[in-house]
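Add 88 to the 1-based position in the sequence shown for the working numbering, that's all there is to it. Backbone N, C-alpha and C define an ideal beta-carbon position, used for all residues, glycine too. Notes follow the structure.
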Amino acid sequence: MTMLDRVAAARSSRSIARADPVSLEEFGLLLATGNGAATRSKAGVTVGPKRALGITAWFSGVRYLTESVAGLPWHVYRMDGIEKVRRAKPPWLRKPDVEQPWYGLMEHIMMSLLHQGNAYAFKVRNAAGQVVGLRELFPRPDHPGHRP
89 MTMLDRVAAA RSSRSIARAD PVSLEEFGLL LATGNGAATR SKAGVTVGPK RALGITAWFS
149 GVRYLTESVA GLPWHVYRMD GIEKVRRAKP PWLRKPDVEQ PWYGLMEHIM MSLLHQGNAY
209 AFKVRNAAGQ VVGLRELFPR PDHPGHRP
């Protein structure tokens with residue numbers, strides 16, 4: 089029996105079986121820790137496979153919801169007696185901010201609602217006092233404000 093025959097025989101006799109499927113995140117954790125147990129992060133928080141995958145699932149769900157809502161068509165209506173009359177798009181709906189389109193503003197508002205429970209927008213007015221834009225405000229626990 090030659091050397092190659094012995095290697096081929098050894099390879100064919102081995103069978104590798106897993107008891108349960110492992111995701112890439114769990115596999116990376118198993119490689120990093122050696123046993124798959126929960127480890128303490130640099131921030132002092134214990135993170136195990138279930139918690140790490142839970143965070144990923146949360147952010148995936150939030151991203152799905154924010155992108156879905158931001159992509160919906162938005163319209164402005166005026167009440168005329170008991171009838172709703174659709175108005176032309178005002179400037180704050182066409183382009184709410186010089187730095188950000190409507191889609192980005194809606195993403196931020198939905199993200200704030202899902203993470204913090206509330207969302208704020210600052211009304212930008214022209215010299216006549218008309219609302220011409222909206223600027224996102226960050227809902228911090230101590231006070232809302234605009235991030236430069």
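{"query": "Closest by C-alpha distance to residue 199, when choosing among 133, 148 and 138", "result": "148"}
{"query": "Runs of alpha helix (DSSP H) wholly within the stretch 151–211 (minimum 4 residues, chain order)", "result": "179–182 and 190–204"}
{"query": "Residues of its chain near residue 210, where Cβ-Cβ distance is below 6 angstroms and the 5 sequence neighbours each way are ignored", "result": "223 and 225"}
{"query": "Beta carbon of residue 181 nearer than 8 angstroms to that of residue 164", "result": "yes"}
{"query": "Check whether residue 204 and residue 227 have beta carbons under 8 angstroms apart", "result": "yes"}
{"query": "Residue nearest to residue 197 in terms of C-alpha spacing, selected from 179, 216 and 207", "result": "207"}
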